[in-house]
Structures are given as C-alpha cells and as structure tokens.
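First the structure, in the form of structure tokens, and then the observations on it.
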Amino acid sequence: MKPDVGQLKPEGWQQPLASSWFERPATEVAPDLLGRLLVRQVGDEVAAGWIVETEAYYGENDLGCHARAGMTERTRIMYGNPGKAYIYFTYGMHWLLNAVCMPSGFPAAVLIRAIQPAFGEEWMQVRRPKRAKGWLDGPAKLCQALEIDSRLNGCDLGLHTSGLWIAQVGRPGLDMPIGKTPRIGLNSVPEPWRSMPWRFTLGQ
DNA sequence: AGCACGATTAACT
DNA sequence: GTTAATCGTGCTC
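Number 626 in the working numbering belongs to position 96 of the first sequence; there are no gaps in the numbering.
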C-alpha cells in the first residue's frame, strides 16, 4: 500500500525560524519564505502547509502597505519586533496573516497568501470542508483552515508557545523557479506601488 | 457619531 | 466576466 506522503511530518517541523531571521527587508524575506512550513498547533491537533505564495509590504512610503498612514492601533504590531504575527481583519469577514520584518521602528511585513497541505489535512478540513483544488489558495482561506484570527495577533512566530510558527525546514525538491508579479487586490493604490513585483510564487 | 472603504471570497452571468 | 456579503478601522465632522 502506498504511504500518504502528504501526511508525514518532515524532519525539523518543530524547529521555528529565529526572530532575527525576519530582521531584513520584506522584499528579501517574502521569496525566502517560499517552500517553508507554516505550522499550527491547537492542543493535541497539529496541521501544517508549505508556503507557496507571499507578498511584501514595505515601509510608510509603500502606498500599498497599511503603514502608509503611519502608526495606528492596527499597524502597531508592524512597527514592533521582527518575527511577530501581524493579523488583521478585512472585508467584514476575513483574517489575513503576515510575518513582521525589519528591526523595531520600521514597518514591514510579508503576507502569507497560499499554502499546500503538508500534514494534518483532516484537521484543516474541519473548518474548510471543500478539498477541491485551490481550497488553501488564498490568504483568508488558509487562516480559516488553520484557525488563525485576532487571538494570535502579535504572537511570536519564532516560538511554539502560541501554537503558530514557521519552520525552517524546506520542502523536498525545491528546484522550481520563483515567480514574481505585482501584488493582488491593490485596486486603488497609485503607481508605482500598485505594480511593484512584490508577489512571489512557487510552482503556480 | 457618522461614513467610506478594504492586502477577499463565493456565487453568480 | 460581475457583484454581494459584512464590519473593524481610520478619518471627518
């Protein structure tokens, strides 16, 4: 009988990236996150997905970035320490997950836009019943699947304690080229920010 | 206190 | 291809 490779936990899945790993421009961190493992643990339940799509949001000058308006209650986390989760609510119903980049004081983050299931698929399906193609392709979809919401805003992605981390382990067979395109959904953002090639994809 | 809008998604035509 | 759903946030009065 053929083993279900997708359900095996890869070596190193419990080893989070250090906070200092995120202390770089978001435009460098975003492509570097591709192929790494986003892990969620709630009690005894664990699920994880390979990151395959990211976007960089970088500084107050970036008019596509929430920090364009300076520091507010919402963007406070983005101005904080690298490696923190910046999670915000949009369109009245969706949560989106970012990883904060750069040293404290400079607002920058990487939006996690899509994952592919690595293990714990059953647990993800509890909240995302449809297992059709594309069921985890979307920043709000993966947050729903992994039970990510405001309770995790500001948590440290470099620690296990909050139950959400990014493991350093790279996906096997990481030889595909990285795609670069403009960011999605910035419909009213002026140029050149709207077209900056800060969306990064792996095998899509 | 009121208002316009959004780093989306699903369900349409 | 288009559009409704739905509400926290940030800005204006």
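All residues carry an ideal CB built from backbone N, CA and C; glycine is no exception.
Residue 598, DSSP secondary structure in three states: Residue mapping note: residue 598 aligns to position 68 of the first sequence, counting from 1. Look at residue 598 here: in three-state DSSP terms it is helix.
Cβ pair residue 564, residue 732 closer than 9 Å: Working through the first sequence from its first residue, we reach residue 564 at position 34. Working through the first sequence from its first residue, we reach residue 732 at position 202. Result yes, Cβ atoms of residue 564 and residue 732 sit closer than 9 Å.
Pair within 9 Å by beta-carbon distance, residue 649 and residue 699: Numbered from 1 along the first sequence, position 119 holds the residue referred to as residue 649. Numbered from 1 along the first sequence, position 169 holds the residue referred to as residue 699. Cβ atoms of residue 649 and residue 699: not closer than 9 Å.
Outcome for residue 628 when other beta-carbon atoms lying within 10 angstroms are tallied against a minimum of 16: In the first sequence, counting from the first residue as 1, residue 628 sits at position 98. Burial call: buried.
Limits of the unbroken alpha helix (DSSP H) element including residue 671: Here the question's residue 671 lines up with position 141 in the first sequence. Boundaries of the alpha helix (DSSP H) harbouring residue 671: 669-675, taken from the DSSP string.
Cβ distance (whole Å) where residue 548 is taken to contact residue 688 below 8 Å: For the purposes of this step, residue 548 is taken as the residue at position 18 of the first sequence. For the purposes of this step, residue 688 is taken as the residue at position 158 of the first sequence. With 8 Å as the limit, residue 548 and residue 688 qualify as a contact, their Cβ atoms being about 6 Å apart.
Sequence ranges, beta strand (DSSP E) only - wholly within the segment 552-589, length at least 3: Taken in chain order, the complete beta strand (DSSP E) segments of 3 or more residues contained in the segment 552-589 are 566-572 and 575-588.
Assigned exposure category for residue 587 - 16 Cβ within 10 Å defines buried: Here residue 587 refers to the residue found at position 57 when the first sequence is read from its first residue. Its Cβ being crowded by 16 or more others within 10 Å, residue 587 is buried.
Per-residue burial, residue 714 [other beta carbons within 10 Å of its own, 16 or more giving buried]: Position 184 of the first sequence, counted from the first residue, corresponds to residue 714. Classification of residue 714: exposed, given that the 10 Å Cβ count is below 16.
Same chain only: Cβ atoms within 8 Å of residue 706, ignoring 5 sequence neighbours per side: In the first sequence, residue 706 corresponds to position 176, counting from 1. The beta carbon of residue 706 is closer than 8 Å to those of 732 and 733 in its chain, skipping five residues each way along the sequence.
Beta-carbon contacts of residue 653 that lie in its chain and below 6 Å, excluding the five residues immediately before and after: On the first sequence, residue 653 is found 123 positions in, with the first residue counted as 1. Cβ neighbours of residue 653 beyond the five flanking positions: 575 and 577.
Whole-angstrom distance between residue 630 and residue 695, CA atom to CA atom: Walking along the first sequence from the start, residue 695 turns up at place 165. Walking along the first sequence from the start, residue 630 turns up at place 100. So the alpha carbons of these two residues sit roughly 13 Å apart.
Among 693, 602 and 595, nearest to residue 570 - alpha-carbon criterion: Locating residue 570 in the first sequence gives position 40, counting from the first residue. Measuring from the Cα of residue 570, the nearest candidate turns out to be 693.
Every unbroken beta strand (DSSP E) within the segment 674-702, with a cutoff of 3 residues, ordered by chain: Counting only runs of 3 or more, we get 694-700.
Per DSSP, the bridge partner or partners of residue 628: Taking the first sequence and counting its residues from 1, the one referred to as residue 628 is at position 98. For residue 628, DSSP records a beta bridge to 616 and 641.
Contact set for residue 557: own chain, Cβ-Cβ below 8 Å, skip 5 residues either direction: The residue you call residue 557 lines up with position 27 of the first sequence. Correct list, in chain order: 586, 588 and 728.
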